[in-house]
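Enquirer: This note's numbering applies: residue 24 is where the sequence shown begins, and numbers increase by one. Every residue gets a Cβ at the ideal spot worked out from N, C-alpha and C, and that includes glycine. Have a look at the structure that comes next, please.
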Amino acid sequence: MSSIKDVARLAGVSVTTVSHVLNKTRSVLPATQERVLEAVQTLGYVPSAVARSLKTQATHTIGMLVPDNSNPYFAELVRAVEDACFAAGYALLLCNTDNDAGRQQVYLDVLSQKRVDGLIVASTSDDALMSQHLVQTALPMVLIDRAIAGLERPCVQTDHVQGGMLATQHLMALGRKRIACVAGPQDLQSSEQRVQGWRQALQLVGLPSDLLVHGDFTVNGGYVAMQRLLHDGGANRPTAVFACNDLMAMGALRAVHEAGLQVPRDVAVVGYDDIELASYTQPALTTVAQPTRAMAQQALAWLLERIQAGRSAGPAAAATQMLVPALVTRESSRALARAAVPIVSGETV
Numbered sequence: 024m025s026s027i028k029d030v031a032r033l034a035g036v037s038v039t040t041v042s043h044v045l046n047k048t049r050s051v052l053p054a055t056q057e058r059v060l061e062a063v064q065t066l067g068y069v070p071s072a073v074a075r076s077l078k079t080q081a082t083h084t085i086g087m088l089v090p091d092n093s094n095p096y097f098a099e100l101v102r103a104v105e106d107a108c109f110a111a112g113y114a115l116l117l118c119n120t121d122n123d124a125g126r127q128q129v130y131l132d133v134l135s136q137k138r139v140d141g142l143i144v145a146s147t148s149d150d151a152l153m154s155q156h157l158v159q160t161a162l163p164m165v166l167i168d169r170a171i172a173g174l175e176r177p178c179v180q181t182d183h184v185q186g187g188m189l190a191t192q193h194l195m196a197l198g199r200k201r202i203a204c205v206a207g208p209q210d211l212q213s214s215e216q217r218v219q220g221w222r223q224a225l226q227l228v229g230l231p232s233d234l235l236v237h238g239d240f241t242v243n244g245g246y247v248a249m250q251r252l253l254h255d256g257g258a259n260r261p262t263a264v265f266a267c268n269d270l271m272a273m274g275a276l277r278a279v280h281e282a283g284l285q286v287p288r289d290v291a292v293v294g295y296d297d298i299e300l301a302s303y304t305q306p307a308l309t310t311v312a313q314p315t316r317a318m319a320q321q322a323l324a325w326l327l328e329r330i331q332a333g334r335s336a337g338p339a340a341a342a343t344q345m346l347v348p349a350l351v352t353r354e355s356s357r358a359l360a361r362a363a364v365p366i367v368s369g370e371t372v
């Protein structure tokens with residue numbers, strides 16, 4: 024493998040001159056520049072990114088932690104962040120923590136050693152231990168999708184309370200009143216905020232909020248939770264369900280079908296995230312869309328501000344940007360045959 028010294032020797036110039044030509048840090052005579060570039064091409068020389076980063080204290084690389092890259096929502100979020108990074112002249116280094124706090128800590132150490140310029144973190148959980156791990160990280164950092172209690176860092180996320188209310192109010196407007204919720208993990212603030220929105224929407228009109236089962240944000244988790252709701256409910260089974268992500272909503276669709284019921288005639292289903300697959304389920308899934316591209320762009324903009332300010336600037340202020348979710352109506356929700364009647368407190372359908 025050729026070195027910068029080999030290039031200098033072949034071009035008949037100093038190593039410093041080669042460096043100036045390659046890094047465009049000083050004006051060099053055209054003839055000299057041409058000799059250097061010809062030598063680079065002849066030798067197949069590739070400048071060392073590691074050496075350059077040691078000199079400039081920058082790698083133009085961003086690290087990103089996600090809890091589950093097999094979840095289509097996070098795959099789409101990563102793609103949005105990667106596109107934003109590429110447009111800004113940065114590469115993205117992705118680490119999947121597999122919802123494991125220990126693995127997340129290992130990857131934090133690895134990314135620090137790789138000398139990434141900053142971190143975008145969708146944390147595995149928001150417990151105290153995870154907050155402690157992240158607060159000890161010296162790298163500039165922005166949280167995305169979910170805040171972490173006790174961690175004073177900028178965060179970009181959807182207004183999940185509003186999203187939960189949107190889904191529930193949509194189902195109520197269709198005449199549904201036995202509205203269940205298939206929630207995500209209880210240790211995730213973003214999941215509990217969606218549940219909060221569901222509960223608030225029901226309480227505003229005096230409907231019960233007893234039909235709550237927690238899942239794990241997987242298809243199987245939604246399937247098992249929906250089976251439980253249908254079995255335990257008996258004659259008072261839910262006539263609608265709000266699943267706190269699209270994967271669980273897909274599992275719920277399967278459980279309803281296996282129970283000999285129809286969606287949306289017997290049970291209306293609404294998901295959350297609006298992953299690409301949501302429009303291809305049978306029936307196509309009504310869902311609450313998260314603005315993933317806007318989240319990615321804002322998170323990177325804040326991170327680049329921190330990187331340019333330098334680490335000596337100290338921890339960033341704990342600014343939070345709440346983006347607005349949107350309801351996407353498809354085939355899995357529709358009015359009951361006798362809908363168009365006002366919701367009466369205490370009445371159940």
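1. Return the Cβ separation of Asp296 and Gln313 in integer angstroms, given the expectation that the two are a contact with Cβ distance under 8 Å.
2. Buried or exposed: which applies to Asn259, given that a residue is buried once 16 or more other Cβ atoms fall within 10 Å of its Cβ?
3. If Asp132 sits next to Thr84, beta carbons under 8 Å apart, how far is it from one beta carbon to the other, in whole angstroms?
4. Do Thr191 and Trp221 count as a contact pair if the criterion is CB distance below 9 Å?
5. Pick helix, strand or coil for Asn92, following the three-state DSSP scheme.
6. Output yes or no for whether 9 Å exceeds the beta carbon distance between Gln209 and Gly187.
7. Starting from the Cα of Trp325, find the closest Cα among Gln56, Glu57, Val179 and give me that residue.
8. Just to confirm before moving on: does the CB-CB distance between Val63 and Leu88 stay below 9 Å?
9. May I have the straight-line CA-CA distance separating Ala342 from Ile330, to the nearest angstrom?
10. Taking 8 Å as the limit between beta carbons, can you name the residues of its chain near Pro365, skipping five residues before and five after?
11. By how many angstroms is the C-alpha of Asp182 removed from the C-alpha of Leu227?
12. Kindly indicate which three-state DSSP category Ala349 falls into: helix, strand or coil?
13. Rounding to the nearest angstrom, what Cα-Cα distance links Thr39 and Leu134 in this structure?
14. Which value, in whole angstroms, describes the spacing of the CA atoms of Arg353 and Gln212?
15. Considering just the uninterrupted stretch of the alpha helix (DSSP H) at Asp289, what are its terminal residues?
16. On the criterion of 16 or more Cβ atoms from any shown chain inside 10 Å, does Tyr96 qualify as buried, or is it exposed?
17. Would you identify the three-state DSSP class for Thr79, choosing helix, strand or coil?
18. Is it a yes or a no for the region 122 to 130 touching the region 192 to 206, going by three-plus beta-carbon pairs under 8 Å?
19. Tell me which same chain residues have a C-beta within less than 6 Å of the C-beta of Tyr246, skipping the five on either side of it?
20. Pull up the CB-CB distance for Asp106 and Met318, whole angstroms please, since I reckon it's below 8 Å.
21. To the nearest angstrom, how far is the alpha carbon of Ser42 from that of Ser50?
22. What's the C-alpha gap between Ala307 and Arg316?
23. Could you tell me which whole alpha helix (DSSP H) segments of length 4 or greater appear in the region 128 to 201?
24. Assign Ala319 to one of three DSSP states: helix, strand, or coil.
Expert: Per the coordinate set shown:
1. 6 Å
2. exposed
3. Wrong, their Cβ atoms sit about 16 Å apart, outside the cutoff.
4. yes
5. coil
6. Going by C-beta atoms, Gln209 is not nearer than 9 Å to Gly187.
7. Val179
8. no
9. 16 Å
10. Note that Pro365 scores a pLDDT of 41, beneath 50, so its modelled location is shaky and nothing firm can be said.
11. The straight-line gap separating the alpha-carbon atoms of Leu227 and Asp182 is approximately 19 Å.
12. strand
13. 31 Å
14. 28 Å
15. No alpha helix (DSSP H) contains Asp289, which DSSP labels as neither H nor E.
16. buried
17. The predicted model places Thr79 with a pLDDT of 49, which falls under 50 and marks its position as unreliable; any figure quoted below should be read in that light. Correct three-state label for Thr79: helix.
18. no
19. Cβ within range, chain order: Gly274, Arg277, Ala278.
20. In fact, because the Cβ distance is near 12 Å, the residues do not count as touching under 8 Å.
21. 11 Å
22. 23 Å
23. 151 to 158, 183 to 196
24. helix
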